[in-house]
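Our numbering numbers the first residue of the sequence shown as 17 and each following residue consecutively. Every residue gets a Cβ at the ideal spot worked out from N, C-alpha and C, and that includes glycine.
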Amino acid sequence: MENSTFDLIVVGSGILGTFHAIHAARLGKKVLLTEKDQYPVNATVRNFGQVVTSGMSSDWFAYATRTAELYKEIQQEFDISVRNNGTVYLASDADELQLAHELKERMDASGYGAEILSAKNCLTQWPALKMEYCKGGIFFPQELSVEPDKLIHRLIEYATKKYPNLTYKPATAIVDCEVIGDHVEVTTASREKFIAEKVIVCSGGEFKLLFADLFKNSGIILCKLQMMKTVPMPEVQLEGNILTGLSIRRYESFQECPSFAKLTTPEHYAELKKWGVHLLFKKAVDGSIIIGDSHEYADVNHTDDLGFDVNSAINELMLKEAQNIVNFDVRKIASTWAGFYPQHNSKHVVEADIEGRIHIRTAIGGKGMTCAAGYAEASIKDIYN
Ligand SMILES: Cc1cc2nc3c(=O)[nH]c(=O)nc-3n(C[C@H](O)[C@H](O)[C@H](O)COP(=O)(O)OP(=O)(O)OC[C@H]3O[C@@H](n4cnc5c(N)ncnc54)[C@H](O)[C@@H]3O)c2cc1C
């Protein structure tokens, strides 16, 4: 009974579930963190690892700021792959540059450090950029990046070492979760049973194993993104989170700038926008460069329609635009993959509470690596209030 009874069971050990488990363990709760796979293989390991606070707005800017603090705090104790090498948004035309200046004003007003860089400054700092593309940029030197293939594994290792009251159980799919009187009973696929006062479900884009009826009517949308990674190119100078003109035209923080409403789409962006492409680069520790991404969507009841394959025409479109931006050979691709995350069109995250004991927290969208740690802290406070 001792080993099967907990204060809290967290379902799903992606970034959102793992940080819920960590914050509950910090409160002294006896926590079980479960993962259906042998180790997490979904959005949390398939992303860029860009921690771009500067792209967020409203409450999510605050969650992102707190997330960065938590990453740094943990990194001081245990190497979870956090690096401080900044974020730059590169403007390719006058409209994008104008938005960069307006964001700088907003950041100055909120006391969040930002620097406007001239085209020359950008080319000096990132010699891999092409002069023809870069008209200037906005730089956030304080921002962080993480290595998505390492972070979650190291974070779970850190958490289980640091908190003896946190137990991790991988290869444990939860297939039933039911409130019975004053507790919740959880059943695994191998019919093992666990009991807890509360359960938090952070199941990412998995909608069929638990609460399928609730998800059917949730309004969640699944997004498929295509990504590529070059062979290691240690000689290429492209450190940090590199975001480009199409990101300026897409990210929330720019949408709040006065000129955003007047922005028109130049003809050469039309095909890229059709596939939701905005070009980002992130150099990994081994010197390889992650290039992406595109966005295709399906509603929660038709997610299989997105397919599992990588559409080479979309990759080609991204590589063509990437080659307009950087001067190294972007076609030296070592791997390509699709990643998926759930999102909601009118909510920043989906929260549902069942009988005050089961708390669903998912669909954090494309900002989980930037906001999950801070959001999970607030969510745990709310749940235990
Ligand atoms: C290609 C791509 C690029 C991205 N780039 C960035 C970026 O640069 N910066 C950024 O901030 N964000 C980025 N994101 C978004 C970020 O990766 C996600 O927001 C985040 O990883 C979501 O975390 P999660 O824990 O909600 O979901 P997931 O990582 O999907 O984790 C959910 C986990 O729950 C498990 N699970 C599900 N059901 C059960 C069950 N019944 N029993 C047990 N376990 C279960 C799953 O196996 C999975 O491991 C990107 C995403 C993608 C796909």
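Exercise. Based on the DSSP secondary-structure assignment, which residues constitute the bridge partners of residue 353?
Worked result: Counted from its first residue, the sequence shown places residue 353 at position 337. Paired residues: 243.
For this session: Taking residue 48 as part of the alpha helix (DSSP H), name the residues at either end of that continuous run.
Result: By 1-based counting over the sequence shown, the position of residue 48 is 32. Per DSSP, residue 48 belongs to no alpha helix (DSSP H); it is in the beta strand (DSSP E), 47 to 50.
Problem set entry | Test item: CB-CB of residue 6 and residue 65 under 9 Å | In the structure as shown, the chain starts at 17 and stops at 401, and residue 6 therefore has no counterpart that could be examined.
Exercise. Are the beta-carbon atoms belonging to residue 58 and residue 220 less than 9 Å from one another?
Worked result: Position 42 of the sequence shown, counted from the start, is the residue given in the question as residue 58. Position 204 of the sequence shown, counted from the start, is the residue given in the question as residue 220. Going by C-beta atoms, residue 58 is nearer than 9 Å to residue 220.
For this session: Could you say if the stretch 133 to 147 and the stretch 249 to 262 meet the contact criterion of at least three C-beta pairs nearer than 8 Å?
Result: yes
Problem set entry | Cβ-based burial, residue 238 [other Cβ within 10 Å; buried from 16] | Within the sequence shown, numbered from 1, the residue matching residue 238 stands at position 222. With 16 or more other Cβ atoms within 10 Å, it is buried.
Exercise. When we look at the beta-carbon of residue 369 and count the other beta-carbons within 10 Å, is it buried (16 or more) or exposed?
Worked result: As a working mapping, residue 369 is identified with position 353 in the sequence shown. Result: exposed.
Exercise. How do the stretch 329 to 343 and the stretch 287 to 307 stand: do at least 3 beta-carbon pairs fall below 8 Å, yes or no?
Worked result: yes
Exercise. Which value, in whole angstroms, describes the spacing of the CA atoms of residue 7 and residue 35?
Worked result: Nothing about residue 7 can be reported from this structure: the residues present for the chain run from 17 to 401 only.
For this session: Spell out the partners DSSP gives residue 377 in its beta bridges.
Result: What you label residue 377 is simply residue 361 of the sequence shown in a count that begins at 1. Partner(s): 367.
For this session: At 3 residues or longer, and completely inside the stretch 192 to 261: list those beta strand (DSSP E) runs for me, N to C.
Result: 199 to 204, 209 to 217, 236 to 246 and 257 to 259
Exercise. For the candidate residues 89, 197 and 109, whose alpha-carbon lies nearest to that of residue 371?
Worked result: To locate residue 371, count along the sequence shown from 1; it is residue 355. Comparing Cα-Cα distances from residue 371 to each of 89, 197 and 109, the minimum goes to 197.
Problem set entry | CB of residue 70 within 9 Å of CB of residue 130, strictly | Within the sequence shown, residue 70 is the residue found at index 54, counting from 1. Within the sequence shown, residue 130 is the residue found at index 114, counting from 1. It is a contact, given that the beta carbons lie within the stated cut-off.
Exercise. Using a threshold of 8 Å, is the CB atom of residue 179 nearer than that to any non-hydrogen atom of ligand 1?
Worked result: Numbered from its first residue, the sequence shown carries residue 179 at position 163. Within the chosen limit of 8 Å, ligand 1 does not reach the beta carbon of residue 179 with any heavy atom.
Exercise. Within the present structure, is the beta-carbon of residue 184 separated from the nearest heavy atom of ligand 1 by less than 8 Å?
Worked result: In the sequence shown, counting from the first residue as 1, residue 184 sits at position 168. The answer is no for residue 184.
Exercise. What residue does the alpha helix (DSSP H) around residue 270 start on, and which one ends it?
Worked result: Locating residue 270 in the sequence shown gives position 254, where the first residue counts as 1. Annotation: the continuous alpha helix (DSSP H) that includes residue 270 extends over 268 to 271.
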